[in-house]
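Residue numbers (this note's numbering): 56 to 317.
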């Protein structure tokens with residue numbers, strides 16, 4: 056680690072304040088160009104600690120940077136990850152107040168809910184599928200706190216990987232009965248299709264992202280507990296939204312989930 060404990064705490068306060076007050080900021084590596092990955096996750100951990108201390112529950116995890124092409128482009132070998140707090144969850148068909156966000160975008164995802172713990176190292180797709188209770192469609196709303204959505208990877212990890220809101224819905228599916236690689240999705244905005252894809256866009260198989268996440272956490276001495284909701288990563292590019300937009304995700308064999316922006 057390159058940053059002092061005091062600096063990590065100050066940056067965590069700064070980034071969380073930006074989230075809670077919907078204010079943007081230049082990326083933190085502008086002032087701290089030498090910060091490393093350990094610093095970035097330490098800042099994220101401090102943000103999580105602050106939320107828990109205020110009474111928030113951590114209900115899930117999310118994987119980001121989950122395409123091989125994107126990882127190669129960014130010069131990394133594994134996805135990044137963040138956490139999901141309880142107040143990020145929006146009821147299916149509910150409304151999201153854009154006044155509480157900065158510049159939201161939506162991503163279509165397949166979410167996993169575990170029935171058994173997942174531990175690395177050595178976690179693989181088969182391990183994940185055996186430990187999965189069910190899969191379900193999810194719309195993640197990302198909202199980077201960085202001005203104009205411009206950041207580097209260490210800055211975005213510190214910012215909890217742009218996490219802000221999510222909604223799950225549709226039908227619960229048994230992962231053993233689905234070929235998640237070929238499961239197709241259509242993302243609609245205001246009734247018009249705006250993005251198409253299939254599960255294979257996420258590391259060849261969405262469960263591969265969950266396995267990588269378990270292995271990364273294993274390196275930190277952590278596991279994924281039973282009952283954890285995991286957003287496995289965006290199947291398509293993120294789509295910007297604004298007040299008045301209605302967004303629906305349709306997932307082959309799993310129904311649909313919708314959310315409105317006001």
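Backbone N, C-alpha and C fix where the C-beta goes; we use that ideal spot for every residue, glycine too.
Whole-number beta carbon distance between residue j and residue i, since they are thought to touch under 8 Å
i           : j           : result
residue 285 : residue 256 : Residue 285 to residue 256, Cβ: 17 Å. No contact.
residue 294 : residue 242 : 6 Å
residue 63  : residue 94  : 7 Å
residue 306 : residue 151 : So it is not a contact: roughly 20 Å between Cβ atoms.
residue 141 : residue 111 : 6 Å
Proximity of residue i and residue j at Cβ, strictly below 8 Å
i           : j           : result
residue 310 : residue 226 : yes
residue 217 : residue 198 : yes
residue 308 : residue 233 : yes
residue 202 : residue 84  : no
residue 135 : residue 116 : no
residue 195 : residue 221 : yes
residue 228 : residue 240 : no
residue 270 : residue 175 : yes
residue 172 : residue 264 : no
residue 249 : residue 160 : no
residue 268 : residue 118 : yes
residue 212 : residue 99  : yes
residue 54  : residue 133 : Since the first and last residues shown for the chain are 56 and 317, residue 54 lies out of range.
residue 206 : residue 317 : no
Same chain, Cβ closer than 7 Å to residue i, five either side skipped, listed in chain order
i           : result
residue 204 : 158
residue 102 : 67, 70, 71, 215
residue 304 : 163, 192, 194, 240, 242, 311, 312
residue 90  : 57, 58, 84, 209
residue 266 : 178, 179, 180, 182, 183
residue 298 : 153, 316, 317
residue 245 : 300, 301
residue 88  : none
Cut-off 8 Å between Cβ atoms - residues of its own chain near residue i, not counting five sequence neighbours on either side
i           : result
residue 131 : 120, 208
residue 262 : 167, 180, 183, 184, 187, 230, 235, 287
residue 105 : 67, 68, 71
residue 77  : 154, 155, 156, 157
residue 107 : 113
residue 92  : 209, 212
residue 139 : 113, 114, 115, 116, 117, 218, 221, 284, 286
Own chain partners of residue i with C-beta closer than 6 Å, once the 5 adjacent residues on each side are dropped
i           : result
residue 224 : 147, 312
residue 323 : Residue 323 is absent from the model: the chain starts at 56 and stops at 317.
residue 315 : 150, 301
residue 74  : 200
Segments assigned beta strand (DSSP E), at least 3 residues, entirely inside the region 139–214: 160–169, 187–197
Report the residue ranges of all alpha helix (DSSP H) runs contained in full by the region 252–281; include only those spanning at least 4 residues, in chain order. 261–274
Runs of alpha helix (DSSP H) lying entirely within the region 98–129, each at least 4 residues, in chain order: DSSP runs (the alpha helix (DSSP H)) wholly in the region 98–129: 123–129.
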